[in-house]
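Numbering of the sequence shown is given in numbering that gives the first Met the number 0, commencing with residue 0 and proceeding in unit increments. The C-beta atom is built at its ideal place from N, Cα and C for all residues, glycine as well. The next block holds one structure in the form of structure tokens; read it before the comments.
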Amino acid sequence: MASESDHQIVDKETIDQSDQRPLFSLPPFISQAHPCLFLSHGKQGEERQTFFSLSQNQYYTRRIPHEMENKRILYTSPSGWLVLMDADDNHNYSLVNLDSFAKIQLPFFDFDIDSPDSVLVTATPPHGHIVFIKEHLEKLVFQFCHLGGSDDHHDHEEVFTQTFDHIDPTFIRSRIVFSGRIFLLKWNWSLLICDIVGSTIQFSELVVQVPSMLSAKFSNSCLIEHLGEMLLVYGHTFHIVSWHYAYNVFRFDFSTRAWVEVMDIGDYAIFINHEIEQGICCSAPTGGLIRANSIYYEDGEDYCAFDLEERSTTTYLHSPTLTAPIRHHKWIMLSTNH
């Protein structure tokens with residue numbers, strides 16, 4: 000277990016003349032190929048955020064920038080873009096880039112209750128589409144629009160809505176954009192391919208060969224893209240009260256339509272956001288603090304690493320200097336080009 004006393008805190012306020020913002024309100028300038036653990040804590044309206052770099056074993060405490068005030072993070076991307084929803088208005092959505100603070104205000108998305116269950120972006124903004132998926136009353140509801148807005152202005156693109164009554168939303172395990180197409184992982188481990196054609200979504204299905212080990216009673220699944228392949232990260236336990244999962248990784252073989260187990264991911268580590276069902280695979284150089292061939296995931300207010308070779312879990316405690324309760328935490332990629 001990591002020693003709490005080993006962590007370092009960076010909490011310094013200076014001025015970046017090029018941006019005219021206090022550095023205290025900017026993400027840390029960190030050059031690393033893996034995500035930071037983003038911790039949101041403090042009271043509403045007085046929120047702070049902390050970025051934890053695993054490779055540096057260091058915390059960077061910052062004030063919430065105004066673009067993120069009173070917002071919930073619904074989606075994170077490898078390019079640093081976030082999809083945000085106003086905490087008081089589930090019709091108000093925006094895209095914000097943590098590197099440049101470019102902002103795209105999205106048009107009106109109308110969800111009758113609560114917020115969308117998942118969000119996907121089909122390309123790096125301002126290109127591609129943004130897709131909201133709502134699972135409601137045995138229906139799967141898609142709302143989507145083409146991106147292309149400028150900073151702080153609505154892009155005025157039309158929002159399209161399509162409802163599918165024949166797809167039971169409870170049978171969808173995970174979602175991903177892979178090679179520009181949307182894939183939905185069904186409960187039987189087959190894949191639905193969703194293509195946006197004009198104002199409609201067209202479906203096709205890949206029925207797949209399924210390994211017998213994908214049968215745990217309590218499990219979670221996450222689709223990720225890595226080196227041009229689609230991976231399924233499968234967490235499983237046989238105890239409903241267990242917080243720790245064992246993990247297996249599979250790649251999808253499109254030629255045989257089968258999930259093939261990957262026993263070793265080499266000098267890479269996978270970071271899973273369970274809350275928003277997203278993940279990313281990044282390099283973990285030998286000799287660094289990032290454990291290669293491992294899967295990192297959040298566990299309550301702490302985080303864990305599951306070693307695929309040793310089949311063991313290590314729990315890491317956050318620094319006791321983080322006195323305010325942690326309200327949310329997610330793995331977020333920061334720019335390496337500051």
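Would you mind sorting residue i into buried or exposed? The rule is 16 or more other CB atoms within 10 Å of its CB.
{"i": "residue 79", "result": "buried"}
{"i": "residue 216", "result": "exposed"}
{"i": "residue 124", "result": "buried"}
{"i": "residue 164", "result": "exposed"}
{"i": "residue 330", "result": "buried"}
{"i": "residue 274", "result": "exposed"}
{"i": "residue 33", "result": "buried"}
{"i": "residue 206", "result": "exposed"}
{"i": "residue 284", "result": "exposed"}
{"i": "residue 115", "result": "buried"}
{"i": "residue 199", "result": "exposed"}
{"i": "residue 186", "result": "exposed"}
{"i": "residue 60", "result": "buried"}
So residue i and residue j are supposed to be a Cβ contact under 8 Å. How far apart are they, rounded?
{"i": "residue 28", "j": "residue 66", "result": "That belief does not hold up - the Cβ atoms of residue 28 and residue 66 are roughly 18 Å apart, past 8 Å."}
{"i": "residue 191", "j": "residue 246", "result": "Actually they do not touch by this definition, with Cβ atoms about 24 Å apart."}
{"i": "residue 301", "j": "residue 316", "result": "5 Å"}
{"i": "residue 416", "j": "residue 312", "result": "Shown here, the chain extends from 0 to 337; a query on residue 416 therefore has no answer."}
{"i": "residue 158", "j": "residue 108", "result": "6 Å"}
{"i": "residue 195", "j": "residue 134", "result": "Contact doesn't hold; Cβ gap of about 19 Å is too wide."}
{"i": "residue 230", "j": "residue 223", "result": "5 Å"}
{"i": "residue 83", "j": "residue 93", "result": "5 Å"}
Based on the DSSP secondary-structure assignment, which residues constitute the bridge partners of residue i?
{"i": "residue 223", "result": "230"}
{"i": "residue 29", "result": "Paired residue(s): none; residue 29 is not in a bridge."}
{"i": "residue 161", "result": "141"}
{"i": "residue 258", "result": "251"}
{"i": "residue 327", "result": "39"}
{"i": "residue 311", "result": "306"}
{"i": "residue 133", "result": "140"}
{"i": "residue 236", "result": "217"}
Specify, as a first and last residue, the run of the beta strand (DSSP E) that residue i falls within.
{"i": "residue 84", "result": "80-85"}
{"i": "residue 305", "result": "301-306"}
{"i": "residue 51", "result": "47-52"}
{"i": "residue 56", "result": "Premise fails: residue 56 is in no beta strand (DSSP E) and is neither H nor E."}
{"i": "residue 180", "result": "180-185"}
{"i": "residue 268", "result": "267-272"}
{"i": "residue 91", "result": "88-96"}
{"i": "residue 297", "result": "293-298"}
Does the ligand COA have even one heavy atom less than 7 Å from the beta-carbon of residue i?
{"i": "residue 166", "result": "Absent from the structure shown: the ligand COA. Ligands present: none."}
Look up residue i in the DSSP assignment and say whether it is helix, strand or coil.
{"i": "residue 108", "result": "coil"}
{"i": "residue 65", "result": "helix"}
{"i": "residue 1", "result": "For residue 1, the pLDDT reaches just 42, beneath the cut-off of 50, and the residue's location in the model is therefore unreliable, leaving the point undetermined."}
{"i": "residue 117", "result": "strand"}
{"i": "residue 149", "result": "Residue confidence is low: residue 149 scores 44 on pLDDT, short of 50, so the model does not pin down where it sits. Its coordinate-derived value is still stated next. Coil, per DSSP."}
{"i": "residue 170", "result": "helix"}
{"i": "residue 332", "result": "coil"}
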